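Residue numbers (the numbering used here), protein chains in the order written: chain L, 606 to 722; chain H, 606 to 722.
Just so it is clear, CB atoms sit at the ideal spot from N, CA and C, and this is done for glycine as well.
Because the structure is a prediction, the values reported are computed rather than measured.
Remarks on the structure that follows.
Protein chains: 2
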Amino acid sequence: MTDAVNLARKLSLFDEHWSPRGVASFNGHDVMVVKVQGEFTWHSHADTDDFFLVLKGEIEIRMRDRTVTLREGEMFVVPKGVEHCPFAREEAHLLLIEPAGTPNTGNPETAAVRQSV
Amino acid sequence: MTDAVNLARKLSLFDEHWSPRGVASFNGHDVMVVKVQGEFTWHSHADTDDFFLVLKGEIEIRMRDRTVTLREGEMFVVPKGVEHCPFAREEAHLLLIEPAGTPNTGNPETAAVRQSV
C-alpha cells in the first residue's frame with residue numbers, strides 16, 4: 606500500500622455479499638471491506654478474535670447468549686472461540702480485520718476465496 | 606467489551622490531543638480513538654505497523670520521502686520501521702490499532718500514558 610485507502614471507493618468496486626476484499630495488510634492481518642445482507646452462517650474462529658466496524662447500515666452479531674446491534678460508526682470484537690452469526694436486514698458495509706488467510710466461515714472448505722480490491 | 610462501541614461517543618468523552626484512549630482489545634492489540642491537531646513528533650516503531658483510519662477531519666502522514674493525505678473514511682498503514690510524523694491542520698479524529706503497550710511516540714519515555722475510555 607503506497608497511498609490512502611478510500612474505503613467507500615473500494616466498496617464501490619464490487620457488489621457480491623459476504624465476500625471480503627483485502628485493502629491493506631497490518632501486522633500479519635488482512636484489513637478488508639465487505640458488503641453483507643441477510644444471514645451468514647454460524648461459526649467461530651478458534652485462533653483469532655473477529656473485528657467488525659460498520660461503515661454503512663446496521664448489522665446484528667448474533668451470539669448464542671445474546672445479540673449485539675452495530676450501527677454506522679460502531680465496532681465490536683467477537684472473542685476467539687465464540688460462536689457468532691452476523692445478520693443484516695438490509696445491505697451493510699463493514700471493515701473487517703483478521704489474520705491473513707483466516708477462513709470467513711471458520712472452515713477452509715466453505716470459506717470465500719480471499720481477494721483484494 | 607460486551608456491547609457495541611460507538612466511536613463518536615467515545616471521542617466525546619475527552620478533549621486532549623495526541624492522547625489515544627483504548628476502546629477494545631483485538632488479538633493482543635489495543636484499538637484506540639484519538640483526537641489530533643497540529644504536528645506530532647517524528648518517530649517510528651521497530652516492531653509494529655501503525656494503523657490509521659480517519660473518522661473525522663483530515664490528516665497528513667508525513668514520511669521522509671512522501672506525504673499521504675487521509676480524509677474521513679480513508680485509512681493507511683505505516684509499515685514498521687518507517688519514520689513518520691502525523692499532522693492535522695484542524696482537529697481530526699482517528700481510529701488507531703497498535704499492539705498493546707506500544708509507545709505512541711516510539712519511545713516509552715515520551716509516550717502518552719495508555720488510557721481506556
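Span of the beta strand (DSSP E) holding residue i?
i         : result
Leu-660/H : 655 to 661
His-689/L : 689 to 704
Thr-646/L : Element bounds for Thr-646/L: n/a, residue is neither H nor E.
Gly-627/L : 626 to 631
Glu-707/H : Going by the sequence as given, residue 707/H is Thr instead of Glu. From DSSP, Thr-707/H is part of no beta strand (DSSP E); its letter is neither H nor E.
Taking the alpha carbon of residue i as the reference point, which residue from the options has its own alpha carbon closest?
i         : options                                    : result
Ser-630/H : Glu-696/L, Phe-657/L, Cys-690/L            : Phe-657/L
Asn-709/H : Gly-627/H, Ala-609/H, Arg-671/H            : Gly-627/H
Arg-694/L : Arg-667/L, Gly-711/L, Asp-635/L, Ala-717/L : Arg-667/L
Taking the beta carbon of residue i as the centre, do at least 16 other beta carbons fall within 10 Å, making it buried, or is it exposed?
i         : result
Gly-706/L : exposed
Glu-714/L : exposed
Leu-701/H : buried
Ala-613/H : exposed
Asp-635/L : buried
Glu-679/L : buried
Val-718/H : exposed
Go to residue i, then tell me how far its alpha helix (DSSP H) extends in each direction, as first and last residue.
i         : result
Lys-615/H : 612 to 616
If you draw a straight line from the alpha carbon of residue i to that of residue j, how long is it in whole angstroms?
i         : j         : result
Arg-669/H : Glu-688/H : 7 Å
His-650/H : Pro-704/H : 11 Å
Lys-685/H : Lys-661/H : 25 Å
Glu-677/H : Leu-618/H : 20 Å
Phe-681/H : Leu-675/H : 8 Å
Ser-721/L : Glu-644/H : 33 Å
Pro-625/L : Lys-640/L : 7 Å
For residue i, collect the residues of the same chain with a Cβ closer than 6 Å to its Cβ; drop the 5 residues on either side in sequence, then sort them by chain order.
i         : result
Asp-655/H : Val-683
His-648/H : Thr-710, Gly-711
Near residue i, which residues of its chain fall below 8 Å by C-beta distance, leaving aside the five closest residues on each side in sequence?
i         : result
Asp-608/L : none
Thr-672/L : Glu-665, Ile-666
Gly-633/H : Pro-704, Ala-705
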